[in-house]
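I have placed the structure first, in the form of structure tokens, so that the comments after it can refer back to it.
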Amino acid sequence: MEHPRRYVLLLCSVVLANMVFSETAARRAESATPVDGRVQLLRLNDAAGNFALPLAANADLYNLPRDIRRVVVRIEDDSNSSEALLDTHDGTLVLVPQFSVVDGRNQPTDLPAWHSEQAWVDGEASSEGRRGLSAFTVLDALLGYLGRTSHFPQLQEVVFVGRGTTADLVERHGLRPQVATSFRIRHVRAQLARR
């Protein structure tokens, strides 16, 4: 009896996430800023269990090239903006986590959402959906995913890049104890372009 129940719960989670992301995609299509990367839903793990995280990426996360040697994780001020994605494939995977902000709609229970953009940037715990996750926990879980040698057998380096208000988040993540990995981890503060 437990086995069919899990499939029903998983199906409901996928349907709800699809509803949330289809509305987000519609809003993005209406905006003036083009979106270069495709938003994909990735299942991650932390000490308390599983959760879902939408990510914009320059590759299919469920059919990854085997030659990825470098991953660049861009942490954007506007987590719904992925215009910074580069069309880079030369052994580099670019990821832009999409930190969801509560907008009045029901959130899937496994998708963390914060009460404001500033809340996740400040490292506060998610308040809706999958509650109690900080952006630091999400980034740690992403590192755990990237550490899977079955997915990334040639990975040599992961670079977290923050700019603007997210630069502090990236720097603070770099000061936290990191899990042992077979690849190098760097945290970089990107300079904003001057006009």
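Residue numbers for the sequence shown follow this note's numbering, beginning at 16 and rising by one. Idealized CB from N, CA, C, for every residue including glycine.
Look up E38 in the DSSP assignment and say whether it is helix, strand or coil. Residue placement at E38 is poorly supported in this model, since its pLDDT is 44, which falls under 50; the coordinates are not used for a value here.
Taking one C-beta from the region 125-145 and one from the region 56-76 each time, how about it: are there three or more such pairs within less than 8 angstroms? yes
Which residue marks the beginning of the beta strand (DSSP E) containing L68, and which one marks its end? G64 to A72
C-alpha gap between D183 and F175, whole angstroms: 12 angstroms
Helix, strand or coil at L56 according to DSSP, with G and I counted as helix: Looking at L56 - three-state DSSP - the assignment turns out to be strand.
If you draw a straight line from the alpha carbon of V173 to that of S131, how long is it in whole angstroms? 27 angstroms
So F175 is in the beta strand (DSSP E); what residue range does that whole segment cover? Run containing F175: E172 to G177, per the beta strand (DSSP E) assignment.
Would you kindly check if the distance between the Cβ of P192 and the Cβ of Y153 is under 9 angstroms? Strictly speaking, residue 153 in this sequence is Val, with Tyr absent from that position. Contact: no.
Would DSSP call R187 helix, strand or coil? helix
With distances taken from CA atoms, which of V54, A62 and G147 is nearest G159? A62
Run through DSSP, which three-state label would G211 get? The structure shown has nothing for residue 211, since the chain only spans 16 to 210.
So, with DSSP's three-state summary, where would you put E132? helix
What whole-angstrom Cβ distance do R84 and L170 have, given they're in contact under 8 angstroms? 6 angstroms
Environment of N78 [buried if 16+ CB atoms lie within 10 Å]: exposed
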